[in-house]
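S.K.:
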């Protein structure tokens, strides 16, 4: 039996004849759908997808859902709590780049939040 290699770019593998109709749904997590939304957001702003951008934006989304704002340290701490080993400097640089591109806003209280236009892109279904 031949097992084709899994794709590394996030696309679905083609299904062979031996795979059932539910095989494409097996192992697919809700997080994948969230990542897909964030990927579309980054693409709409002309940015490439990277793991650190996905995680930083996800951390900001979780904070917004809980009516909180996070600064660089807050985002970094949240990522460390999730066992995502990113350096403080990397998180800071990603937040600065996302601000430059208009995805994120730097607030007066030194916290970050998603730009209303970015929220509109995420909520568009």
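In full-length UniProt numbering, the protein residues as written are 1 to 125.
Backbone N, C-alpha and C fix where the C-beta goes; we use that ideal spot for every residue, glycine too.
Note that the structure is predicted; figures quoted are calculated from it, not measured.
Verify whether the separation of the beta carbon atoms of residue 69 and residue 113 is less than 7 Å.
M.R.: In this structure, residue 113 lies closer than 7 Å to residue 69 by Cβ.
S.K.: Going by C-alpha distance, which of 118, 109 and 76 is nearest residue 47?
M.R.: Residue 47 has its Cα closest to that of 118, out of 118, 109 and 76.
S.K.: Please report the distance separating the alpha-carbon of residue 40 from that of residue 122.
M.R.: Rounded to the nearest angstrom, the two C-alpha atoms are 8 Å apart.
S.K.: Thinking just about the alpha-carbon of each residue, which of 85, 83, 56 and 82 is nearest to the one in residue 71?
M.R.: Minimum Cα distance to residue 71 is reached at 56.
S.K.: State the DSSP-derived secondary structure class of residue 47, mapped to helix, strand or coil.
M.R.: Here residue 47 sits in coil by DSSP.
S.K.: Hey, quick one: how far does the beta strand (DSSP E) through residue 114 stretch, first residue to last?
M.R.: Taken as a continuous stretch (DSSP letters only), the beta strand (DSSP E) holding residue 114 covers 112-114.
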